[in-house]
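Residue numbers (my numbering): 97 to 905.
Just so you know, even glycine gets a beta-carbon here, dropped at the ideal spot from N, CA and C.
Scroll down for the structure; my scribbles are underneath it.
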């Protein structure tokens, strides 16, 4: 049973490698610490039972018990016995966490934060996989069966991630499984005894057989095909943690309609706003002295549960060409045109945060485009995470008196009219009719609905919402009057639509925390949602009904002051409005900058996308790895050049001339040259796929080469010379020195290449088999030495334990 302890360690490491794909789901590495502790506890308990010769069933029970202790320690209820022994309260706590994990799975967006329910579920799942892998690989000695629970771990992120899983994580999981299989095969050979070839020759444990070599080649080819083949398949985006919008796209912003991937706005904001430890999501450098909210996207689709965001489906306007004019046709004050450098730290969506109105963007590749209807910067297949880009934008100011002059919606504007649709509710209709009664224009009506969400009317901000029984999330909020920014924004948009005006919900970030002049840090606490209302000739105008004192980094405008401080706000000053014509730039004063392409006193810095550096380093590393076998082959060939030519001072004889060497000082150098030349010939044979038999004499090898079609006739003479030199160096009292021995080696190599195919010549040059075989044998030797060291250490520890037991008895 002792020899199975090493396999238990391999099974533990293989399980840990199989968990690496989960790194793409969680936002931090706390899950990995839990996984290491759980795997170590499970494998340690099972190994202890095996040391006592316990059966496989007892090993499983011991592993499960160890896992329970780990879960009790990592997820305590506060009523445990000695911090490790679970009580009834512990199991009730586990039940509550698992029930909460179901809701978290439905509402969480990837990457998920450290939610206790999801961490418990992940730790328990990894521990159970460790139990099954240890049972299959060690308990019943069927390591191939361990691939099933390992595959279950891999399938979770594959099903969850919208863009699939990186091949790097597949390589981790594959390496763990192959390591498990190879270790078991080596262990079986070691327990069985020594191997012998078909000719009766003794074979070392680590010497590869042709069958195993073919199996390894097939394994490598299968892994490469599994990685490369999906790259040629059109991408699919299964996403279990997100929802899908309804059929079609009524406002025409998405192109041809149909289902499109959606971002669960409610889950993204709610999960992150409730975190006890906020994390930084992005950093903005801007020369705007008074920036507004950083916008990610909008939610225009609505049903009884609220508003849902739908990613654009059609072709947008690429930033490689000038953007069409999207400024209001009505007279609007242009506060200024500014520049912002945005560095994404932790935001895995296919939308790029930007300020309005965006006029230019640099730093993102050609896959990012602008949707003209929603002003969303989106990509069909790339995430914005870890990107650094620069956005030029123009900030507008809407005067209340001008908004009151907005006309009705044009009958031909079907897109705007579609955004007035909302599920009918008698309760909502009565609330809206009472609020807008006596108001004569769109702005006054929207402002009346906006002011309704004040604390004077019973509304209060809370991250803990109360569910109602009306069947509508919006009606429940209007009745309970308790919620956070998503409820406020969605409710105002719903009421505005009920009043007959287009409205939608925008989501993004508040101003954030100003860490220094022109630099703002935006964390998970700064995620926010607000309402955008459409005014003809003015476009989409933002209204934030959430109480400003409850939202970090909140700001207000003169046309939508804080509902708690009517007529006041953090941003109540506006520049004079131009009387007529298109919008014009007005100098906002200190810190302003109307040059959209410049920077403010060096506040912006030119940065290189770190992913480009990583990609370049990976390409360089790949090129080095591809060239390494060929380089080592050339270095080895150069080192084997004959160095004994100057030992005999004679007139240079004809090539191939041989001289008997009797000088003891010269014999060693001549023998070394003959051995090196013969070794070079054998490596050349291996490179071109000619069989090499280490038990064959030089004369036998030369005779076989003379009859093989793989060596042209021109190579028979030089191989005969090399054979005689090696034969004399091995067996004769006095070796012979061959003049121009290096020329004989080069002629033999050219002779092999003459009758070889182009593919054989290419592989012999770039991927010489002799070098790859040398690396393989060196790796096998390293594994053999490592296994022997582990075995010696294990035996020494067991011997010490045995002596201690005897001494104790």
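Check, Outcome
"Residue 886 burial status per 10 Å Cβ neighbour count (16 or more: buried)", "exposed"
"Contact belief for residue 587 with residue 600 at Cβ below 8 Å, rounded distance in angstroms", "Their Cβ separation, rounded to whole angstroms, is 13 Å, which puts residue 587 and residue 600 out of contact at 8 Å."
"Residues near residue 814 by beta carbon distance below 6 Å, same chain, minus five either side", "840, 843, 844"
"Helix, strand or coil at residue 654 [DSSP, three-state]", "coil"
"Extent of the continuous beta strand (DSSP E) to which residue 439 belongs", "429–440"
"Nearest-angstrom Cβ-Cβ length linking residue 197 and residue 213, presumed shorter than 8 Å", "3 Å"
"Beta-carbon proximity check, residue 134 vs residue 166, cutoff 8 Å", "yes"
"Simplified DSSP assignment, three categories, for residue 609", "strand"
"Inter-residue Cα distance where the pair is residue 880 and residue 151", "29 Å"
"Three-state class that DSSP yields for residue 338 in the structure shown", "Here residue 338 scores only 32 on pLDDT, less than 50, and its place in the model should not be relied on; the value that follows carries that caveat. The answer is coil: DSSP assigns residue 338 none of H, G, I, E or B."
"Coarse secondary structure for residue 599, derived from DSSP in three states", "strand"
"The alpha helix (DSSP H) enclosing residue 68, as first and last residue numbers", "There is no way to answer for residue 68, as the model of the chain reaches only from 97 to 905."
"Neighbour flag for residue 858 against chain B, beta carbons, 8 Å", "Absence of chain B from the displayed structure is noted, only one protein chain being present."
"Local conformation of residue 117 per DSSP, three classes", "helix"
"Distance CB(residue 110)-CB(residue 250) smaller than 8 Å", "no"
"Nearest residue (CA-CA) to residue 209, options 164, 566, 122, 161", "122"
"Coil, strand or helix - residue 502 by DSSP", "coil"
"Top-ranked residue by Cα proximity to residue 178, from 169, 591, 807", "169"
"Beta-carbon gap between residue 597 and residue 630 smaller than 8 Å", "yes"
"Proximity of residue 171 and residue 216 at Cβ, strictly below 8 Å", "yes"
"Counted within 10 angstroms of its Cβ, other Cβ atoms place residue 789 as buried (16 or more) or exposed", "exposed"
"With 16 other Cβ atoms within 10 Å as the buried cut-off, status of residue 294", "Unreliable positioning characterises residue 294 in this predicted model, as indicated by a pLDDT of 47, which lies under 50. A coordinate reading is not provided."
"Backbone CA spacing between residue 801 and residue 222 [nearest angstrom]", "57 Å"
"Secondary structure, alpha helix (DSSP H): runs of 4+ residues fully inside the segment 169–224", "184–203"
"DSSP three-state assignment for residue 125, whether helix, strand or coil", "coil"
"Spatial distance of residue 399 from residue 603 (CA atoms)", "18 Å"
"Spatially closest choice to residue 383 from 446, 368, 451, by CA coordinates", "451"
"Rounded straight-line distance, which links the Cα of residue 828 to that of residue 793", "14 Å"
"Member of 102, 633, 643, 242 whose CA lies at the smallest distance from the CA of residue 925", "The chain is shown from 97 up to 905; residue 925 falls before or after that span and cannot be answered."
"The alpha helix (DSSP H) enclosing residue 907, as first and last residue numbers", "Because the chain spans 97 through 905 in this model, residue 907 falls outside it and cannot be assessed."
"Residue range of the beta strand (DSSP E) that includes residue 832", "832–834"
"Rounded C-alpha distance that separates residue 566 from residue 523", "10 Å"
"Neighbourhood of residue 370 by C-beta distance below 7 Å, restricted to the same chain and skipping five residues each side", "559"
"The segment 499–516 contacting the segment 574–582, beta-carbon criterion three pairs below 8 Å", "no"
"Beta-carbon separation (whole angstroms), residue 462 vs residue 414, contact threshold 8 Å", "6 Å"
"C-alpha distance - residue 525 paired with residue 443, whole-angstrom precision", "38 Å"
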